[in-house]
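In order, the protein sequences belong to chains E and H. Going by this note's numbering, 196 is the number at position 139 of the first sequence; the sequence numbering is gapless. Going by this note's numbering, 461 is the number at position 107 of the second sequence; the sequence numbering is gapless. Structure first, then comments.
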Amino acid sequence: MQESRLIAMKRRLTVKWEDFVLALRLLERAQIWIAILLLPLAIFMLLPLVYLFNHAFKPLHELFLFPPTFIVREPTTGNFVELLALSESTIVPVSRYIFNSIVVTFLSTIAMVVTGAMCAYPLSKHPFPGSKIVLGLIMLALLFATEAVAIPRFIVIQSLGIMNTYLGHVLPLVALPVGVFLLKQFMDQIPNDLMEAAKIDGAREFTIFMRIVIPLVNPAIATISILAFQSAWGNTETSTLFMQEDAMKTLPFYMSTLTSGLANSVARQGAAAAGALIMFIPPLVVFIVSQRKVITTMAHSGIK
Amino acid sequence: MSRICFHHVHKRYGKFKEYAVKDFNLEVEDREFLVFVGSSGCGKSTTLRMLAGLEDISEGEIYIGDTIVNEMPPKDRDISMVFQNYALYPNMSVYDNIAFGLQMRKLPKHEIDLSVKRAARVLEIENFLDRKPRELSGGQRQRVALGRAIVRTPQAFLMDEPLSNLDAKLRVQMRSEIISLHKKIGVTTIYVTHDQIEAMTMGDRIVVMEKGIVQQVDTPEKVYNQPVNLFVANFIGNPPMNFVHGRLEEHGGGLEFHTNRFALKLTEKQAYTLRRLNLVDKGIIFGVRPENISFEQIMLEASPHSTINGTMELSEFVGSDRYYHMNIGMEKNLVARAHPRYHFDDGMKASVAVDMNKTLFFHKDTGILLTE
Chain E
58 MQESRLIAMK RRLTVKWEDF VLALRLLERA QIWIAILLLP LAIFMLLPLV
108 YLFNHAFKPL HELFLFPPTF IVREPTTGNF VELLALSEST IVPVSRYIFN
158 SIVVTFLSTI AMVVTGAMCA YPLSKHPFPG SKIVLGLIML ALLFATEAVA
208 IPRFIVIQSL GIMNTYLGHV LPLVALPVGV FLLKQFMDQI PNDLMEAAKI
258 DGAREFTIFM RIVIPLVNPA IATISILAFQ SAWGNTETST LFMQEDAMKT
308 LPFYMSTLTS GLANSVARQG AAAAGALIMF IPPLVVFIVS QRKVITTMAH
358 SGIK
Chain H
355 MSRICFHHVH KRYGKFKEYA VKDFNLEVED REFLVFVGSS GCGKSTTLRM
405 LAGLEDISEG EIYIGDTIVN EMPPKDRDIS MVFQNYALYP NMSVYDNIAF
455 GLQMRKLPKH EIDLSVKRAA RVLEIENFLD RKPRELSGGQ RQRVALGRAI
505 VRTPQAFLMD EPLSNLDAKL RVQMRSEIIS LHKKIGVTTI YVTHDQIEAM
555 TMGDRIVVME KGIVQQVDTP EKVYNQPVNL FVANFIGNPP MNFVHGRLEE
605 HGGGLEFHTN RFALKLTEKQ AYTLRRLNLV DKGIIFGVRP ENISFEQIML
655 EASPHSTING TMELSEFVGS DRYYHMNIGM EKNLVARAHP RYHFDDGMKA
705 SVAVDMNKTL FFHKDTGILL TE
């Protein structure tokens, strides 16, 4: 009886209060205990976010308070005003950085997802001699820190002549080994019969890929989009190394200049706190929008 | 609709020396319902997949109509296939699943719509057209898979164990539906199964395969009554045929099958054939189907030279019949299939009469059928 109601609830899409109560009632005692145990941990994980939000609204004297406080006492928008004022005084307007960031993030995210999927598909469904080695090499790439490959990358970008172009931002990010791996794992689970049925139905390889494979690995695509978005949005490396012109640099780079990185821990802390919040919001929005699918992926693939 | 022809087709996987399918020759008539049957790993699915274009052909040619299709991609072969696990596209609605093949062939929309609805009507799935496959039961999914096949009018339908994921009752129902569908549409159909009952009930002809080699191609009646060798005799029929090893000996003017426990007198016709084959005083395998063994008093009295005595070990009641397992002192029990009215306590002595007209003799070493 309860199960059928639960199924009906899933079909309905809208959640009513009584459904919530029903779900609670269906929980077993052990599950409730686990929830009680996990709750403090969840709160603990939430603390940095709380801190980030509060910090952005703290007046100067609260920013440097010792011991530091989590919750802002006298909230002010002063930090944002300071950030705006600062940006007005720079030669390159902040809007340009924001524009650059949006373009670069958008292009790289798409590039990462598309190449990831197109790389994973043959590795998963059309194994060729040496495909395992190729996959191994891709996995190996996970081991290298960005710093380790900075110089080779610089040489490549320079000899390609794409310094100070958007391509210079995007190209170094395109290969996303985690994405390839995750998508391959997902594609492995698609039964070959589906592809064969489509072949007999008259579909070409590209149609099979677009109309059957991609929709079925949708949750993985959502996850990779977030990973890709995050890595592109927060990336300062390409701005630092490959962009000599200020007008081609991105927002995170600009943010890091506000406090001159780690060299300075006093000046412009307010503007930096406001900037950190601004930087944080887009990934948060993206995550909230696609979180359901992401969680499915995590549950499926066993990654955490 | 078309004839299909296999001409010395071989299949070998990669470096393996052994053939998965060996020298497969077959002509499938137009509008025929042909069943490939065999135990798992006998090469029946591989053969079907070679025909579909999902596996390469190592040697030989396959013709659909008059065209050699060896190098032709599946989409150009104009066939449709039903898979064991249905292979419905989970991301598409039932409608789109059925329409997919037509969309790929770039038919106009209204035509697609018409065809899909017609197929849905035939299979009685009109009410589920906007559902996703996961919202359907096994039987409904199977219908959708069939719908995807019949929505086009291909040269041939290929079915790879389409009913084996259904429960027993539904399987019987779908079996008769597929037969009547075939009668209605009349497209050449090749049906793969490991279930001999499916093979017997559905096929116009049956292809029995074992270890990649065709054992027998014939009508269900012939395959049942005149299996060409021990394998076919054993594989087809449930409970399987009884086999007894023994010798042929001349006795009182007639030929007899001798074991150290009993002797059976052969019919004139059998004796004639076996004498001509020079098998007198040699080892032979005797085969009799369980239903050709009788407990009737009248039979026992009428044929004193073809009775076997033994003790009853157990009996299985299956409703219309009972299977009686009798110890006759040989390595295997003799299984008789008779009316359930006979009651024997376990361990009781019993005599049975064998209907010698319906018994078969097989060669001791090669297993080939010697008598007709």
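For glycine and all other residues, C-beta sits at the position ideal for the given N, C-alpha and C.
Under the 10 Å beta carbon count, Thr126(E) is surrounded by fewer than 16 other beta carbons and is classified as exposed.
Nearest to Leu723(H) by alpha-carbon distance, out of Phe640(H), Ile662(H), Tyr545(H), is Phe640(H). CA-to-CA, the gap between Gly683(H) and Gly664(H) works out to about 7 Å. When secondary structure is reduced to three states using DSSP, Asn596(H) falls in the strand class. Looking at the DSSP output, His361(H) shares a beta bridge with Glu415(H). By the Cβ neighbour-count rule, Leu192(E) is buried, with 16 or more other Cβ atoms within 10 Å of its own. Among the bridge pairs identified by DSSP, Val391(H) is matched with Thr547(H), Val562(H). Under the DSSP definition of a beta bridge, Asn663(H) partners with Ser705(H).
Only those residues of the segment 441-467 of chain H whose C-beta falls short of 7 Å from the nearest C-beta of chain E are listed: Ala441, Tyr443, Pro444, Asn445, Phe454, Gly455, Met458, Arg459. Excluding five sequence positions before and after Arg130(E), the CB atoms of its chain that fall closer than 7 Å to its own CB belong to Glu119, given in chain order. In the three-state scheme derived from DSSP, where H, G and I count as helix and E and B as strand, Glu726(H) is classed as coil. For the options Ser705(H), Leu618(H), Pro594(H), Val375(H), the alpha carbon positioned closest to that of Pro644(H) is the one of Pro594(H).
Counting of Cβ neighbours within 10 angstroms places Lys256(E) among the buried residues, the total reaching 16 or more.
At a beta-carbon threshold of 9 Å, the residues of chain E lying near Ile433(H) are Ile257, ordered along the chain. Residue pairing for Asp572(H): DSSP places it in a beta bridge opposite Ile560(H). Residue contact with chain E for Pro658(H): absent (no Cβ-Cβ distance below 7 Å to any residue of chain E). Taking 7 Å as the cut-off, the beta carbon of Thr627(H) is found closer than this to the beta carbon of Thr725(H). For the segment 456-501 of chain H, the continuous alpha helix (DSSP H) assignments of 4+ residues that do not extend past its boundaries occur at 463-477, in sequence order.
Thr295(E) counts as buried, since no fewer than 16 other beta carbons sit within 10 angstroms of its beta carbon.
Within the same chain, and ignoring the five residues on either side of Thr613(H) in sequence, the residues whose Cβ sits closer than 7 Å to its Cβ are Val598, Gly600, Met684. Within the DSSP secondary-structure output, Tyr678(H) pairs in a beta bridge with Ser669(H), Ala690(H). Rounded to whole angstroms, the separation of the alpha carbons of Ala441(H) and Ser491(H) is 14 Å. The way I'd put it, the segment 281-293 of chain E doesn't touch the segment 467-484 of chain H; fewer than three beta-carbon pairs between them come closer than 8 Å. Within chain E, the residues whose beta carbon sits less than 8 Å from that of Lys429(H) are Lys256, Ile257, Asp258, Gly259, Ala260, Arg261, listed in sequence order.
Not a single CB atom of chain E sits nearer than 7 Å to the CB of Phe511(H). Neighbours of Glu145(E) in chain H, taken as residues at a C-beta separation under 9 Å, are lacking, since the least C-beta distance is about 50 Å. For Asn379(H), the closest alpha carbon among the candidates Ser412(H), Val571(H), Val470(H) is that of Val571(H).
Residue-level contact check: Leu408(H) touches chain E, since one or more beta carbons of chain E fall below 7 Å from its beta carbon.
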